[in-house]
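Peer 1: Residue numbers (the numbering used here): -14 to 58. Here a beta-carbon is modelled for each residue, glycine too, at the ideal position from N, C-alpha and C. Below: one structure in structure tokens.
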Amino acid sequence: MKKESSAKPKQEKVKRKPLKEMGSELKKVSYPSFKKTVQQTGVVISVVLLFTLVIFGFDRLLSLLYELLVKGI
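Right under this line is the structure:
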């Protein structure tokens, strides 16, 4: 039979290893500059606004067509 006490130190090592690996992986990450971040944020906001206007336009057009059909009957 295996002893329970021998499993504890091994579990502690296993728990610490992912934390060490995570730290080393975070050191490898290259973050964008502030200027690049602001630029990309502007692009995202512009695209979201564009799609919002397109969807709003389709909604208004379909609402108008629906009203014409309902009033016409």
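Alpha carbon to alpha carbon, how far is residue 1 from residue 47?
Peer 2: The sequence position of residue 1 within the sequence shown is 16, counting from 1. The sequence position of residue 47 within the sequence shown is 62, counting from 1. Answer to the nearest angstrom: the Cα atoms are 59 Å apart.
Peer 1: Taking the C-alpha atoms as reference points, what is the distance between residue 32 and residue 12?
Peer 2: On the sequence shown, position 47 is the one that residue 32 refers to. On the sequence shown, position 27 is the one that residue 12 refers to. Near 32 Å, if we compare the C-alpha coordinates of residue 12 and residue 32.
Peer 1: For residue 14, which three-state DSSP category applies?
Peer 2: As a position in the sequence shown, residue 14 is number 29, starting the count at 1. Of the three classes helix, strand and coil, the one that applies to residue 14 here is coil, per DSSP.
Peer 1: What does a CB cutoff of less than 8 Å around residue 4 pick up in its chain, not counting 5 residues either side in sequence?
Peer 2: The residue given as residue 4 occupies position 19 in the sequence shown. So the list is empty, once near-sequence residues are dropped.
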